[in-house]
Amino acid sequence: MFQIRDGGLDTSPLLQRFCNTTSPPPLSTTGPNAWVKFHSDGTFSNNGFNITYHAQLSMINSFFKTKNQTF
């Protein structure tokens with residue numbers, strides 16, 4: 002099970018919950034934080050999961066700074 006919430010807390014509004022999904026669709030938060038939970042029942046012995054995010058930071062000197070990261 003994989004959950005993403007719109008905010009930095011486990012009580013933030015739920016954006017999406019995925020079970021047995023190999024490639025969920027792109028999601029966006031309304032602010033700078035996202036709460037992510039991954040839970041496995043131990044049925045499979047794989048290497049966990051990959052997550053890629055794109056952060057668009059505040060405008061500084063009329064340029065947007067962005068960051069991409071994959072875990």
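Positions in the sequence shown are counted from 1; adding 1 to them yields this note's numbering. No residue lacks a Cβ here, since even glycine has one placed at the ideal position from N, Cα and C.
Nearest-angstrom Cα separation, counted from residue j out to residue i
{"i": "D7", "j": "D42", "result": "25 angstroms"}
{"i": "L10", "j": "Q4", "result": "12 angstroms"}
{"i": "F19", "j": "A35", "result": "15 angstroms"}
{"i": "T44", "j": "T31", "result": "34 angstroms"}
Where the beta strand (DSSP E) containing residue i begins and where it ends
{"i": "F3", "result": "F3 to R6"}
{"i": "F39", "result": "W36 to F39"}
For residue i: DSSP bridge partner residues
{"i": "L15", "result": "R6"}
Cβ distance (whole Å) where residue i is taken to contact residue j below 8 angstroms
{"i": "P25", "j": "Q17", "result": "7 angstroms"}
{"i": "H40", "j": "M2", "result": "5 angstroms"}
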